[in-house]
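A.B. asks: As they're listed, the protein sequences go chains S and W.
1 is the number of the first residue of the first sequence in the UniProt record's numbering; add one for each residue after it.
1 is the number of the first residue of the second sequence in the UniProt record's numbering; add one for each residue after it.
There are 2 protein chains.
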Amino acid sequence: MEHLEAIKYYRNYEAGQTIVWAGDKMDFVASVVHGVAALTQTMEDGRRQMVGLLLPSDFLGRPNREHASYDVTATTDLQLCCFRRQPFQDLLTNTPHVSQRLLEMTLDELDAAREWMLLLGRKTAREKIASFLSIIARRDATINQTGNNGSLAFDLPLTREAMADYLGLTLETVSRQMSGLKRDGVIRLEGKRHIVIPDFDMLMNETGDDADGGVF
Amino acid sequence: MEHLEAIKYYRNYEAGQTIVWAGDKMDFVASVVHGVAALTQTMEDGRRQMVGLLLPSDFLGRPNREHASYDVTATTDLQLCCFRRQPFQDLLTNTPHVSQRLLEMTLDELDAAREWMLLLGRKTAREKIASFLSIIARRDATINQTGNNGSLAFDLPLTREAMADYLGLTLETVSRQMSGLKRDGVIRLEGKRHIVIPDFDMLMNETGDDADGGVF
DNA sequence: CGCTAGCTTGACATTCTTCAACCGGAGTGG
DNA sequence: CCACTCCGGTTGAAGAATGTCAAGCTAGCG
Chain S
1 MEHLEAIKYY RNYEAGQTIV WAGDKMDFVA SVVHGVAALT QTMEDGRRQM VGLLLPSDFL
61 GRPNREHASY DVTATTDLQL CCFRRQPFQD LLTNTPHVSQ RLLEMTLDEL DAAREWMLLL
121 GRKTAREKIA SFLSIIARRD ATINQTGNNG SLAFDLPLTR EAMADYLGLT LETVSRQMSG
181 LKRDGVIRLE GKRHIVIPDF DMLMNETGDD ADGGVF
Chain W
1 MEHLEAIKYY RNYEAGQTIV WAGDKMDFVA SVVHGVAALT QTMEDGRRQM VGLLLPSDFL
61 GRPNREHASY DVTATTDLQL CCFRRQPFQD LLTNTPHVSQ RLLEMTLDEL DAAREWMLLL
121 GRKTAREKIA SFLSIIARRD ATINQTGNNG SLAFDLPLTR EAMADYLGLT LETVSRQMSG
181 LKRDGVIRLE GKRHIVIPDF DMLMNETGDD ADGGVF
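(1) Taking 8 Å as the threshold, find out whether the segment 38-57 of chain S comes into contact with the segment 85-92 of chain S through three or more Cβ pairs.
(2) Using 8 Å as the Cβ pair cut-off and three pairs as the minimum, do the segment 62-74 of chain W and the segment 19-28 of chain W touch?
(3) Does the distance from the C-beta atom of Ala15/W to that of Ala74/W stay below 7 Å?
(4) Specify the secondary structure class of Met50/W as computed by DSSP and reduced to three states.
(5) Could you check how far apart the C-beta atoms of Thr106/W and Thr106/S are, in whole angstroms? I think they sit under 8 Å.
(6) Write down the C-beta distance between Gln100/S and Ser99/W rounded to the nearest angstrom, noting that I regard them as a contact closer than 8 Å.
(7) Hey, does Asp210/W have any beta-carbon neighbour from chain S nearer than 7 Å?
(8) How many angstroms separate the CA atom of Phe216/W from the CA atom of Ala137/W?
(9) Compare the beta carbon distance of Leu189/W and Ser134/W with 7 Å and say whether it is the shorter of the two.
(10) For chain S, check one thing: does any of its Cβ atoms lie closer than 7 Å to the Cβ of Glu127/W?
(11) If you follow the beta strand (DSSP E) that Ala74/S is in, where does it begin and where does it stop?
(12) Note the first and the last residue of the continuous beta strand (DSSP E) segment covering Thr42/S.
(13) Which ranges would you report for the beta strand (DSSP E) in the UniProt domain "HTH crp-type" (123-201) of chain S if only whole runs of at least 3 residues count?
(14) I think Val186/S touches Ser151/S, with their Cβ atoms under 8 Å apart; what is that distance to the nearest whole Å?
(15) CA-CA distance, Arg160/W and Ala37/W?
(16) Between the C-alpha atoms of Leu110/W and Ala113/S, what's the straight-line distance to the nearest angstrom?
(17) When the Cα atoms are used, what is the spatial distance from Gly214/S to Asp199/W?
(18) With DSSP as the reference, label Arg62/S as helix, strand or coil.
(19) Determine the chain S residues that contact Leu96/W at a beta-carbon separation under 8 Å, and present them in chain order.
(20) Note down the Cα distance separating Pro96/W from Leu171/S, rounded to an integer number of angstroms.
(21) Which bits of chain W does Leu107/S rub up against, with CB to CB less than 7 Å?
(22) Out of curiosity, what's the CA-to-CA distance linking Phe83/W and Asn205/S?
(23) Is there a C-beta anywhere in chain W that falls below 7 Å from the one on Gly168/S?
(24) In three-state DSSP terms, what is Leu55/S?
(25) Along chain S, in chain order, which residues have C-beta atoms closer than 7 Å to that of Met43/W?
(26) Pick out whichever of His34/W, Asp184/W and Leu156/W has its Cα sitting closest to the Cα of Tyr10/W.
(27) Compare the C-beta of Arg114/S with all C-beta atoms of chain W and state if any pair is closer than 7 Å.
(28) Based on the DSSP output, what are the partners of Leu78/W in its beta bridges?
(29) Once DSSP output is grouped into helix, strand and coil, what is the label at Ala30/W?
(30) Using a Cβ-Cβ distance under 7 Å, would Val51/S count as near chain W?
(31) Which residue wins for smallest C-alpha separation from Val51/S, given the options Leu103/S, Glu115/S and Gly208/S?
(32) Compare the C-beta of Met163/W against all C-beta atoms of chain S and say whether one is closer than 7 Å.
(33) Quick one: which chain W residues come within Cβ less than 7 Å of Leu102/S?
(34) Looking at the structure shown, is Thr93/S part of a helix, part of a strand, or coil, going by DSSP?
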């Protein structure tokens, strides 16, 4: 474990900065310390789809693959804890339960990707927005219980355009649906980026997901 | 390795049969021997999205999780090679490079899921169909070079409805787009299920993907 | 003070879905 | 053997959701 310590170093990026382009050589793997990074794919004609959203503690990079498969950009100011590839891979082969831990994390990501596929394939624009907000609200470590009632508040880590890329929508549709949820009292907007959720259940009702946590 | 041999057994299913329901206890993991299985999620109101398509050699089930996360159904006649969960998990902890192998497979699945997300979020109906056909054509082990020219033929392992669930479309749209591709000479239909692709490049041009293999 | 980036809103176009009818082959029972 | 029905598939017409194009707003900043 301390081996990891020995080979780690930090990198910082500003909001909007690109970390690597798809196809670039990537000589490190990393873990997000704070901030948010996005993986996106781009088609020849410019259509873009986000395929990964990395929050603190998430892992970036693929063992045994030198080249990045996706564009990686910082959507907020970002700090990564990096490990040079080769030492990390050595560690991986020599330390079974590191690779078992990584397997667990990858399986969780796969589950998240599948949830995301349901969103992309079958949800309406309004459900997509509500789902996205609930995901951010839940994953955001800084769950500020602002009101002593059950109300929740957080900052969006993404521009409207990045949200559109996440959700498979246009930024105009994102904007309209945000306005719609605001008009209906499901969310409050303080500035463009700060969201207040007066009643989390009301938001959940808009996601299209099962109300109860659902047995897995 | 021979330990795996000791705990394996086979199960067979007919096309259309359900293997497990989401939430059910699943006391085994398995590998597909032949046939095709689908993982699907269903929303309360019945909307469905396929989130996994398992072809021969693909792995089914999640280590350290007793309960299935998705509905699993056989879309063709199917044979699974099953391993009881507990012995398999023991093997996994005792045999590092089994878990490393499983990690590689999971990462491949994650990449596939991300490709699928691009399809769901950004491709047109016609591109979705063309992409699906090219995926099946490529993954189909029985790549029958029927013509001595470069033409390709295979049977669809899915009904139109299952294709719709895969692609995030309605079955009517699937049907229309299939007719469209047929009308334009991109595919030939012999019966409802047998597809002939006279010119694979022509099909690829319809997928929206980069023409060249693209550096990864 | 005027710019720019990010965002909102409106009007219109397009794509896909919905609802409905119909087709054809395989199996079934009279 | 024939009629029947069911299932998977196709096709058409109409409507709804989302995208496109265009204009305009606002806050922050040089």
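Every residue gets a Cβ at the ideal spot worked out from N, C-alpha and C, and that includes glycine.
C.D. replies: So, to answer that:
(1) no
(2) yes
(3) yes
(4) strand
(5) 5 Å
(6) 5 Å
(7) yes
(8) Low per-residue confidence applies at Phe216/W: pLDDT is 46, beneath 50, and the placement is therefore not dependable enough to give any value.
(9) no
(10) no
(11) Asp71 to Ala74
(12) Ala37 to Thr42
(13) 152-155, 188-190 and 194-197
(14) Not a contact, Cβ separation roughly 12 Å.
(15) 15 Å
(16) 8 Å
(17) Model confidence at Gly214/S stands at a pLDDT of 45, short of 50, so the residue's coordinates are unreliable; what they give is reported in the following sentence. Those two C-alpha atoms are separated by around 46 Å.
(18) coil
(19) Checking the sequence, you will find Pro at residue 96/W rather than Leu. Simply Thr93, Pro96 and Ser99.
(20) 46 Å
(21) Arg62 and Thr106
(22) 40 Å
(23) yes
(24) coil
(25) Arg122 and Gly208
(26) His34/W
(27) yes
(28) Tyr13/W
(29) strand
(30) yes
(31) Glu115/S
(32) no
(33) Leu103
(34) helix
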